[in-house]
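Protein chains in written order, with numbering that gives the first Met the number 0: chain A, 0 to 290; chain B, 0 to 425. Heads up: the structure comes next, in structure tokens.
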Amino acid sequence: MNARKIYPLYFSFGALALYFALFFFPCVLGLFYSFTDWNSFRPELNFVGLDNYRNLFKTNTPYLLYFWNTIKFTFFTTLWKTIVGFFLALLFTRASRMANFQRMVVFSPQVLSFLIVGLVFRSLLHPSSGFVNNALDFVGLSALKQNWLTNLAWAFKSIIAVDTWKGVGYVMVVFIAGLKAIPSSYHEAAVVDGASYAQRVLRITIPMLVPSIMVVTVLNITYGFRVFDIIYVLTNGGPGYATGVINTAVFKEFSKGDYGMGTTLSTVLFFFITLISYFLIKAMMSKEVEA
Amino acid sequence: MRMRKMRSLCVASALLLAAAFAGAQDKAVTLTFGTHQSGLPTSGIVQKLGVDFEKETGIKIDFQVVPDAQWRDLLKAKIQAGEAPDIFCADADPLSLYDRVRPDANCIDLTKQEFVKRMDPSVLPAISYQKKVYGITFPGAKIWVYFYNKDIFQKLGIKAPTNYAEFKDICGKIQKTGVVPVYEALQNGWHQVLPLFESGPYYQTFYPGLYDKLNANTFNIKDIAQLKTIITQLKEFADLGYYGKDFMSNSVEGDVKAIVDGKAAMVLEGIGWGTQTELENPSIKGKLGIFVMPWGDNQIIGINPASNAYFGNVKSKHQKEILQFFAFLARKDNLQKRIDGDPQALAICWPEIKSKYPKDYSDYIKAHKTGTVMQAAVKYVDSQWMDVGKDLEAMYAGASSVDQVLQTISQRRDEQAKLQKDPAWK
Numbered sequence: 000m001n002a003r004k005i006y007p008l009y010f011s012f013g014a015l016a017l018y019f020a021l022f023f024f025p026c027v028l029g030l031f032y033s034f035t036d037w038n039s040f041r042p043e044l045n046f047v048g049l050d051n052y053r054n055l056f057k058t059n060t061p062y063l064l065y066f067w068n069t070i071k072f073t074f075f076t077t078l079w080k081t082i083v084g085f086f087l088a089l090l091f092t093r094a095s096r097m098a099n100f101q102r103m104v105v106f107s108p109q110v111l112s113f114l115i116v117g118l119v120f121r122s123l124l125h126p127s128s129g130f131v132n133n134a135l136d137f138v139g140l141s142a143l144k145q146n147w148l149t150n151l152a153w154a155f156k157s158i159i160a161v162d163t164w165k166g167v168g169y170v171m172v173v174f175i176a177g178l179k180a181i182p183s184s185y186h187e188a189a190v191v192d193g194a195s196y197a198q199r200v201l202r203i204t205i206p207m208l209v210p211s212i213m214v215v216t217v218l219n220i221t222y223g224f225r226v227f228d229i230i231y232v233l234t235n236g237g238p239g240y241a242t243g244v245i246n247t248a249v250f251k252e253f254s255k256g257d258y259g260m261g262t263t264l265s266t267v268l269f270f271f272i273t274l275i276s277y278f279l280i281k282a283m284m285s286k287e288v289e290a
Numbered sequence: 000m001r002m003r004k005m006r007s008l009c010v011a012s013a014l015l016l017a018a019a020f021a022g023a024q025d026k027a028v029t030l031t032f033g034t035h036q037s038g039l040p041t042s043g044i045v046q047k048l049g050v051d052f053e054k055e056t057g058i059k060i061d062f063q064v065v066p067d068a069q070w071r072d073l074l075k076a077k078i079q080a081g082e083a084p085d086i087f088c089a090d091a092d093p094l095s096l097y098d099r100v101r102p103d104a105n106c107i108d109l110t111k112q113e114f115v116k117r118m119d120p121s122v123l124p125a126i127s128y129q130k131k132v133y134g135i136t137f138p139g140a141k142i143w144v145y146f147y148n149k150d151i152f153q154k155l156g157i158k159a160p161t162n163y164a165e166f167k168d169i170c171g172k173i174q175k176t177g178v179v180p181v182y183e184a185l186q187n188g189w190h191q192v193l194p195l196f197e198s199g200p201y202y203q204t205f206y207p208g209l210y211d212k213l214n215a216n217t218f219n220i221k222d223i224a225q226l227k228t229i230i231t232q233l234k235e236f237a238d239l240g241y242y243g244k245d246f247m248s249n250s251v252e253g254d255v256k257a258i259v260d261g262k263a264a265m266v267l268e269g270i271g272w273g274t275q276t277e278l279e280n281p282s283i284k285g286k287l288g289i290f291v292m293p294w295g296d297n298q299i300i301g302i303n304p305a306s307n308a309y310f311g312n313v314k315s316k317h318q319k320e321i322l323q324f325f326a327f328l329a330r331k332d333n334l335q336k337r338i339d340g341d342p343q344a345l346a347i348c349w350p351e352i353k354s355k356y357p358k359d360y361s362d363y364i365k366a367h368k369t370g371t372v373m374q375a376a377v378k379y380v381d382s383q384w385m386d387v388g389k390d391l392e393a394m395y396a397g398a399s400s401v402d403q404v405l406q407t408i409s410q411r412r413d414e415q416a417k418l419q420k421d422p423a424w425k
């Protein structure tokens, strides 16, 4: 360690001040507001204790459903994006003339806004005029037609599919970078030892990719818990409340003017994400293999 | 050295040009006008008036139209975040206006404007708060009726229904021909709620003084037996397939094509819809009849004196221009242009402009009892309209029962009342 190259502590004060002012302090303030009846109708603020938190667990409210939907959405989108992204990365790291073009095609939905993707897919998934059902009719698979966004059994699956389609390109790019960092000598040695392709993927590629898997998993989980746009545009939490998530509930509470309840939901979400991310990173760091 | 001087000269010129252009742009004012799809007539007359306004004054109107299902929540969020457009359109009624836009804090006071005294006095309570006028409104009283295709009815030898049993019977006969009996549309989020609260005057015949009792919290909305009956009947129609199989994905805007193409036989629409549809589709001219919605055996026509209104954002930097635009819209010649350019507008709430109700419509309304709809007279009903739409959507999807829908409507009223510290809810 070169002692002359270590910067003094006060170099970080500016960044720390910004972090505290714009992130830490609002979080603490949010926590405080969650114990009040802060709303848009009256200027006075009254302390209500744990009333807002108790409301989350009442059986005649949909909040527990929203939490469950958020967990389901996060789990399945993380899983599918990781699996599909990994296989696409394996596919597109093989020497091929069109590899760059193919990577660009898979990555391109990532640059579109959620609003555009949502509006396009609402049209594509319309039961009578949508491209998906019309295509199924055309190829003789009419039996597979569904009300993709208004059937209770399919609405959430459709949202997960659309979100996976949009986000898989980003995961693929991260995995491609990770795959290229694995020394080829490991694979060559494994081939010499008689390992099959599947064995090399399981015993060399995946363990060496743990840092990349950790990065995409944390990013996907934090995104999944914060999801709002794609659900708002595709179904607005419908049919009924079936696809509502925590952030659509937060939006609804703030729209109703019940800021205390909205802040409570956001606070619970914040602690949830922090806890999950902490344990996830800890678990993954113990499995890291250094090249 | 010479090249470097040329390059510096070019950059300096480009910067000067950009600054000059930006300066010129700064002088041209653009007013943002936020609204939902149903907030503007589909004929585009308001946008045309916007173009005329720009020609006259140089002030551009930038219309930002949002889907119905998202507008109410989005508008509240934008107002609370301080990002509301210069002008915003909102549904206005005396009971929900405060909850919707907090006019005292967010809207320009229009009380002293010249055009206020020219509006129909009956609409002023809907756009006022604490005796100050904050909005400008144009639509006349809103009446919802079922339009039906006379040709389909004639072929089947059926007549317009006057009660639920007849309604159900004719739907069964129409369904057998492969035509969707009733065009219903859930995508907009509000259409499916109409039968519940437009039937308010009918409920009052069973419960005298109902509206006052609901506002005083001496009667619970879930105890209105006829409300439960209507919700049950709506569900029955869905279960019998009388709305067709795609009603949960349909939008209200699709009803014209469905009726004109003969794919659907009946649709619940505003009373001016027929005139516009016939004008734009000559093939259906003279073939549209109307009848009162017969849910629960109702035969009373509900009238909503309130409608949507435009409000000026008090935090806008262009308040003078906003007032200029409102005054422009309120000019007599522009009011006449508005009613002439919107076939759906059979009347506007400006007495100086003559209404254009067809005689058969006027005669039909006169032949029936009328009353004020529930959402214009009962607290905490209109404010949860879109939520009730979601409740009904959940019911149609099988995730909720009729009793649960009623319970949720009642609970939501209680929550809103307690949040606003309504003294009637203790």
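For glycine and all other residues, C-beta sits at the position ideal for the given N, C-alpha and C.
> For Lys-425 (chain B), does the count of other Cβ atoms within 10 angstroms reach 16, so buried, or fall short, so exposed?
Replying inline: With a threshold of 16 other beta carbon atoms within 10 Å, Lys-425 (chain B) falls short and is exposed.
> Does the beta carbon of Ser-254 (chain A) come closer than 9 Å to any beta carbon on chain B?
Replying inline: yes
> In three-state terms, what does DSSP make of Phe-40 (chain A)?
Replying inline: Coil, per DSSP.
>> Taking the straight line between their C-alpha atoms, what separation do you get for Gln-415 (chain B) and Lys-149 (chain B)?
In response: 44 Å
> Mind pulling the chain A residues with CB within less than 8 Å of Leu-69 (chain B)?
Replying inline: Here the sequence assigns Gln to residue 69 (chain B), which means Leu is not the residue at that position. Within chain A, the residues near Gln-69 (chain B) are Tyr-231, Asn-235.
> Any residues in the stretch 403 to 424 of chain B with a beta carbon nearer than 7 Å to a beta carbon of chain A? Which ones, in chain order?
Replying inline: Gln-410, Leu-418, Gln-419, Lys-420
> Exposed or buried, Met-97 (chain A), counting other C-beta atoms within 10 Å across all chains shown (16 or more means buried)?
Replying inline: exposed
> From the beta carbon of Asn-146 (chain A), is the nearest beta carbon of chain B less than 9 Å away?
Replying inline: Yes, its Cβ sits closer than 9 Å to a Cβ of chain B.
> In terms of residues, what are the limits of the beta strand (DSSP E) holding Tyr-264 (chain B)?
Replying inline: Reading off the sequence shown, one finds Ala at residue 264 (chain B), where the question assumed Tyr. Per DSSP, Ala-264 (chain B) belongs to the beta strand (DSSP E) from 263 to 269.
>> So Ile-229 (chain A) and Asp-162 (chain A) are supposed to be a Cβ contact under 8 Å. How far apart are they, rounded?
In response: The Cβ separation is near 5 Å, so the contact holds.
>> I'd like to check one pair, Ile-86 (chain B) with Tyr-309 (chain B): are the Cβ atoms closer than 9 Å?
In response: In contact: Tyr-309 (chain B) and Ile-86 (chain B) (Cβ atoms closer than 9 Å).
>> Please list, in chain order, the chain A residues whose beta carbon lies closer than 7 Å to that of Lys-221 (chain B).
In response: Simply none; closest approach about 13 Å.
> Taking Cβ to Cβ, would you say Arg-71 (chain B) is nearer than 9 Å to Ser-39 (chain A)?
Replying inline: no
> Sorted by chain position, which residues of the same chain lie with C-beta nearer than 7 Å to Asp-103 (chain B)'s C-beta, five sequence neighbours on each side aside?
Replying inline: Tyr-128, Gln-129
> Is there at least one Cβ from chain B nearer than 9 Å to Ala-290 (chain A)'s Cβ?
Replying inline: Confidence at Ala-290 (chain A) is low in this model, with a pLDDT of 46, below 50, so its placement is unreliable and the value that follows should be read with caution. No, Ala-290 (chain A) lies away from the interface with chain B (no Cβ there is under 9 Å from its Cβ).
> What does Ser-399 (chain B) touch in chain A if you count any residue whose Cβ is under 9 Å from its own?
Replying inline: Gly-239, Tyr-240
>> According to DSSP, is Asn-219 (chain B) part of a helix, a strand, or is it coil?
In response: Here DSSP, grouped into helix, strand and coil, assigns Asn-219 (chain B) to coil.
>> So Asp-211 (chain B) contacts chain A; which residues on that side make the cut at Cβ distance below 9 Å?
In response: Chain A residues near Asp-211 (chain B): none, gap ~23 Å exceeds 9 Å.
> Given a limit of 8 Å on CB to CB distance, which residues of the stretch 123 to 150 of chain A reach chain B?
Replying inline: So the close ones are His-125, Pro-126, Ser-127, Asn-146, Leu-148, Thr-149, Asn-150.
> Residues of chain B with a CB under 7 Å from the CB of Asp-257 (chain A): which are they?
Replying inline: Leu-418
> Leaving out five residues before and five after Lys-141 (chain B) in sequence, what residues of the same chain have Cβ atoms less than 7 Å from its Cβ?
Replying inline: Gly-269, Asn-303, Ser-306
> Between Val-191 (chain A) and Ser-211 (chain A), what straight-line distance do the alpha-carbon atoms span, to the nearest angstrom?
Replying inline: 27 Å
> Any idea if Asp-402 (chain B) is buried or exposed, counting beta-carbon neighbours within 10 angstroms, 16 or more meaning buried?
Replying inline: exposed
> Counting only runs that start and end within the stretch 275 to 356 of chain B, where is the alpha helix (DSSP H) found for 4 or more residues in a row?
Replying inline: 318 to 328, 331 to 339
> To the nearest whole angstrom, what separates the beta carbons of Pro-126 (chain A) and Asn-132 (chain A), a pair I think is in contact under 8 Å?
Replying inline: 6 Å
> My guess is that Gly-273 (chain B) and Phe-146 (chain B) are in contact by the Cβ rule of under 8 Å, so how many angstroms apart are they, rounded?
Replying inline: 5 Å
>> In this structure, how does DSSP classify Pro-61 (chain A) when only helix, strand and coil are distinguished?
In response: coil
> For Glu-55 (chain B) versus Ala-329 (chain B), is the C-beta distance shorter than 9 Å?
Replying inline: No, Cβ-Cβ distance for Glu-55 (chain B) and Ala-329 (chain B) is not below 9 Å.
> By the criterion of Cβ-Cβ separation under 8 Å, what are the contact partners of Lys-251 (chain A) in chain B?
Replying inline: Asp-72
> Is any heavy atom in the ligand FAD found nearer than 8 Å to the beta carbon of Leu-178 (chain A)?
Replying inline: This structure simply doesn't include the ligand FAD, nor any ligand for that matter.
> What is the DSSP secondary structure of Leu-226 (chain B), counted as helix, strand or coil?
Replying inline: helix
> Which runs of the alpha helix (DSSP H), 4 residues or longer, sit entirely within the stretch 147 to 226 of chain A?
Replying inline: 154 to 179, 183 to 191, 196 to 199, 209 to 224
> Relative to the alpha-carbon of Thr-247 (chain A), which residue among B:His-190, B:Leu-73, B:Lys-355, B:Val-251 has its alpha-carbon at the smallest distance?
Replying inline: When C-alpha distances from Thr-247 (chain A) are compared across B:His-190, B:Leu-73, B:Lys-355, B:Val-251, the shortest belongs to B:Leu-73.
> Apart from the five residues on each side of it in sequence, which residues of its chain come closer than 7 Å, Cβ to Cβ, to Val-173 (chain A)?
Replying inline: For Val-173 (chain A), the CB contacts under 7 Å within the same chain, skipping 5 residues up- and downstream, are Ser-211, Val-214, Val-215 in chain order.
>> Does His-190 (chain B) pass the burial test, meaning 16 or more other C-beta atoms within 10 Å, or should it be called exposed?
In response: buried
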